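When you read off a place in the sequence shown, starting at 1, and then add 1, the result is the number in the working numbering.
Take a look at the structure below.
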Amino acid sequence: MKKLNNVIRKILTIIILLGLTIGNSYSQEIINTLKLDSLFKILDENNKFMGSIAISHNGKIIYSKTIGYDDIKTNKKSSINSKYRIGSISKMFTASLIFKAIEEKKIKLSQTIDKFFPSIENANKITISNLLNHRSGIYSFTDEKNYLKWNTIPKSENEMIEIIAKGKSKFEPDSKAEYSNSNYILLSYILEKIYNQSFNIILGEKIIKPLELKNTYLGRKININENECLSYKLIINWTKEPETDISIPLGAGGIVSNPIDLVKFIEELFAEKIINKKSLEQMTKIKDNYGMGIFQFPFYEKKGYGHTGGIDGFSSILAYFNDDDLAIALTSNATNFDNNNIVIGALSAYFNRPYDIPSFKNVELKSEDLDKYLGIYSSKQIPLKITINKENSILTAQASGQPSFSLNATDNDTFKFDPAGITIIFKTEQKQMILKQGTGEYIFNKE
Numbered sequence: 002m003k004k005l006n007n008v009i010r011k012i013l014t015i016i017i018l019l020g021l022t023i024g025n026s027y028s029q030e031i032i033n034t035l036k037l038d039s040l041f042k043i044l045d046e047n048n049k050f051m052g053s054i055a056i057s058h059n060g061k062i063i064y065s066k067t068i069g070y071d072d073i074k075t076n077k078k079s080s081i082n083s084k085y086r087i088g089s090i091s092k093m094f095t096a097s098l099i100f101k102a103i104e105e106k107k108i109k110l111s112q113t114i115d116k117f118f119p120s121i122e123n124a125n126k127i128t129i130s131n132l133l134n135h136r137s138g139i140y141s142f143t144d145e146k147n148y149l150k151w152n153t154i155p156k157s158e159n160e161m162i163e164i165i166a167k168g169k170s171k172f173e174p175d176s177k178a179e180y181s182n183s184n185y186i187l188l189s190y191i192l193e194k195i196y197n198q199s200f201n202i203i204l205g206e207k208i209i210k211p212l213e214l215k216n217t218y219l220g221r222k223i224n225i226n227e228n229e230c231l232s233y234k235l236i237i238n239w240t241k242e243p244e245t246d247i248s249i250p251l252g253a254g255g256i257v258s259n260p261i262d263l264v265k266f267i268e269e270l271f272a273e274k275i276i277n278k279k280s281l282e283q284m285t286k287i288k289d290n291y292g293m294g295i296f297q298f299p300f301y302e303k304k305g306y307g308h309t310g311g312i313d314g315f316s317s318i319l320a321y322f323n324d325d326d327l328a329i330a331l332t333s334n335a336t337n338f339d340n341n342n343i344v345i346g347a348l349s350a351y352f353n354r355p356y357d358i359p360s361f362k363n364v365e366l367k368s369e370d371l372d373k374y375l376g377i378y379s380s381k382q383i384p385l386k387i388t389i390n391k392e393n394s395i396l397t398a399q400a401s402g403q404p405s406f407s408l409n410a411t412d413n414d415t416f417k418f419d420p421a422g423i424t425i426i427f428k429t430e431q432k433q434m435i436l437k438q439g440t441g442e443y444i445f446n447k448e
């Protein structure tokens, strides 16, 4: 959901969890809390992250931590009870509700959606299954060029269907997979139609009440007096992000929760307390990198399942490793660091693996020092142009047609964008820029 995620996705495919090797690992109750505390301390001191984490083993919370503020303006500190918009992790809840409806024989995976949405192109070919695993070909409404001009304004179902239908089909149903938020908007509407109730009520009756999730519900206007966080983006200082109106994402990205509730949800999901074994097997069947409302998190011989999320300034990660009965959830309302790296640190602390606490030593540059980097850069490796500009003494990067993001100088000619684990190295004499992310390295030439 989050537009920033779209920016980075246009640059490169984000590596969800970078190259963590877990060898000879074992289940344990002991976790290196001192090292994790040190990680969150340095993130807090360097203005890199605000949010919360919970790690659960065998249904027991073995580590939790919260740093930052629900509301910076009033200095309202976040706590274990703080609640965050979880973005696309909402899709796991929605997919679970769809499988419950299938178990109740209200719908079938194989049925087409023309009965519900006759105006959608290929509706007579697109199935419930295609929506669940992103094989519908339906245009994602978050890619609409004016999305950020109307995402804060309430939208009716008819208005959203019109927006989605105008986007047309991107490919023939079930011919391939491509992530689309529209799929889960439509699934939300289908649930409302077959149960003749609002998505909020269905969510409450089918999942929240049975699991006794105390801090989970469909969002609304953010209320800090109810321990709900505002979200922020770093533009020199933390700047409050606008709020997407929840009528727009619904079950695609509109749920509010916190890590304690999220680890309980995913534990109960895999314990077959929400849907049955057959449904869970269908949900976790991966095809072209997508399950049904779920992704796979591979760690060499280990295999986890979960989802990531982002909306406005919020970002989140939820994963479960069945063989170890280990669940981890991270929620954030402000980040200027790669959240995946935090999860790597947490897993390393649990499995007793090496992990270096990050260092945030930046180089101070004057505005005129940045002039030699400015310009438009293009690459033969990927079809993308990046404009390098500056705002006072801050260097910025902007992919074609996308919002800009700030770069931090960490060494001579070296800059980083920590939220995506991106490093940019300028070679001014060759008029080149090298962009690194994970194991990828891409050369851009100055035009």
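Cβ atoms here follow ideal geometry from the backbone N, Cα and C, with glycine treated the same way.
Values in this document were obtained by computation on a predicted structure and should not be read as measured data.
Cβ-based burial, residue i [other Cβ within 10 Å; buried from 16]
{"i": "Glu442", "result": "exposed"}
{"i": "Gly24", "result": "Caution is warranted here: a pLDDT of 32 is assigned to Gly24, below 50, making its placement in the model unreliable, and no coordinate value can be reported."}
{"i": "Glu269", "result": "buried"}
{"i": "Glu242", "result": "buried"}
{"i": "Ala272", "result": "exposed"}
{"i": "Leu375", "result": "exposed"}
{"i": "Glu229", "result": "buried"}
{"i": "Glu430", "result": "exposed"}
{"i": "Leu35", "result": "exposed"}
{"i": "Glu173", "result": "exposed"}
{"i": "Ile267", "result": "buried"}
{"i": "Tyr27", "result": "Annotation note: pLDDT 37 at Tyr27 (below 50); position unreliable, coordinate value reported separately. That one is exposed."}
{"i": "Ile276", "result": "buried"}
{"i": "Gly69", "result": "buried"}
{"i": "Ile103", "result": "buried"}
{"i": "Thr75", "result": "exposed"}
{"i": "Lys1", "result": "Any answer about residue 1 is impossible in this case: the structure gives the chain only from 2 up to 448."}
Residue from the options whose Cα sits closest to the Cα of residue i
{"i": "Asn147", "options": "Leu132, Asn134, Ile164", "result": "Ile164"}
{"i": "Glu213", "options": "Gly220, Gly205, Gly60", "result": "Gly205"}
{"i": "Tyr185", "options": "Glu173, Lys207, Met161", "result": "Met161"}
{"i": "Glu369", "options": "Gly220, Lys381, Leu396", "result": "Leu396"}
{"i": "Lys92", "options": "Phe427, Asn134, Ser57, Ile127", "result": "Asn134"}
{"i": "Ala330", "options": "Glu105, Leu319, Ala400, Lys101", "result": "Leu319"}
{"i": "Met284", "options": "Ala398, Lys101, Pro420", "result": "Lys101"}
{"i": "Ser394", "options": "Glu365, Leu98, Lys74", "result": "Glu365"}
{"i": "Pro1", "options": "Gly422, Tyr321, Pro404", "result": "The structure shown does not extend to residue 1, since the chain spans only 2 to 448, so no value can be given for it."}
{"i": "Thr415", "options": "Gly439, Ser405, Leu371, Asn446", "result": "Leu371"}
{"i": "Leu251", "options": "Asn226, Glu122, Tyr190", "result": "Tyr190"}
{"i": "Ser80", "options": "Pro211, Asn216, Thr34, Glu193", "result": "Asn216"}
{"i": "Phe427", "options": "Pro420, Asn413, Asp419, Asp326", "result": "Asn413"}
{"i": "Thr336", "options": "Tyr306, Asn33, Lys234, Asn446", "result": "Lys234"}
{"i": "Lys398", "options": "Phe445, Asp357, Phe352", "result": "The sequence shown places Ala at residue 398, rather than the Lys named in the question. Residue Phe445 is the option with its Cα nearest to Ala398."}
{"i": "Phe322", "options": "Phe352, Asp71, Ser176", "result": "Phe352"}
{"i": "Thr153", "options": "Thr245, Met434, Lys279", "result": "Thr245"}
{"i": "Glu227", "options": "Lys84, Ala253, Phe298, Thr75", "result": "Lys84"}
{"i": "Ile256", "options": "Phe200, Ile73, Ala400, Asn47", "result": "Phe200"}
{"i": "Asn48", "options": "Phe338, Tyr356, Lys391, Met434", "result": "Phe338"}
{"i": "Ile1", "options": "Asn390, Ile114, Pro355", "result": "This structure does not reach residue 1, given that the chain is present from 2 up to 448, and the question cannot be answered."}
Range covered by the alpha helix (DSSP H) that runs through residue i
{"i": "Ile162", "result": "158-167"}
{"i": "Asp262", "result": "260-271"}
{"i": "Phe100", "result": "91-104"}
{"i": "Phe487", "result": "Residue 487 is absent from the structure shown; the chain starts at 2 and stops at 448."}
{"i": "Glu282", "result": "278-284"}
{"i": "Ser120", "result": "From DSSP, Ser120 is part of no alpha helix (DSSP H); its letter is neither H nor E."}
{"i": "Asn131", "result": "129-133"}
Start and end residues, beta strand (DSSP E) containing residue i
{"i": "Leu327", "result": "327-336"}
{"i": "Lys61", "result": "61-68"}
{"i": "Thr240", "result": "238-241"}
{"i": "Glu145", "result": "Segment: none, Glu145 is in no beta strand (DSSP E) and carries neither H nor E."}
{"i": "Leu396", "result": "395-400"}
{"i": "Ile223", "result": "Neither: Ile223 is in no beta strand (DSSP E) and is coded neither H nor E."}
{"i": "Gln112", "result": "That residue, Gln112, is in no beta strand (DSSP E); it is neither H nor E in DSSP."}
{"i": "Lys391", "result": "386-392"}
{"i": "Ser407", "result": "406-412"}
{"i": "Asn76", "result": "That residue, Asn76, is in no beta strand (DSSP E); it is neither H nor E in DSSP."}
{"i": "Ala253", "result": "Segment: none, Ala253 is in no beta strand (DSSP E) and carries neither H nor E."}
Residue i CB to nearest heavy atom of the ligand ADP below 6 Å
{"i": "Asp419", "result": "As far as ligands go, the structure on display features none, and thus does not contain the ligand ADP."}
Inset, instruction - Report yes or no: do three or more beta-carbon pairs, one from the stretch 133-153 and one from the stretch 162-171, lie closer than 8 Å? - result: Put simply, the stretch 133-153 touches the stretch 162-171. At least three CB pairs are less than 8 Å apart.
Legend entry - Three-pair Cβ contact test at 8 Å for the stretch 243-262 versus the stretch 49-56: yes
Inset, instruction - Could you say if the stretch 283-303 and the stretch 56-72 meet the contact criterion of at least three C-beta pairs nearer than 8 Å? - result: no
Legend entry - beta strand (DSSP E) runs contained entirely in the stretch 175-209, provided each spans 3 or more residues: none
Inset, instruction - Check whether the stretch 219-228 touches the stretch 101-110, counting contact only when three or more Cβ pairs, one atom from each stretch, lie closer than 8 Å. - result: no
Inset, instruction - Just list the alpha helix (DSSP H) runs in the stretch 287-372, keeping only unbroken ones of 4 residues or longer that don't cross its boundaries, in chain order. - result: 340-352
Legend entry - Touching by the beta-carbon criterion (3+ pairs, under 8 Å), the stretch 228-247 and the stretch 307-314: yes
Inset, instruction - Report yes or no: do three or more beta-carbon pairs, one from the stretch 375-387 and one from the stretch 406-416, lie closer than 8 Å? - result: no
Legend entry - the stretch 29-46 in contact with the stretch 341-356 per 3-pair CB rule at 8 Å: Yes, since at least three Cβ pairs between the stretch 29-46 and the stretch 341-356 fall closer than 8 Å, the two stretches touch.
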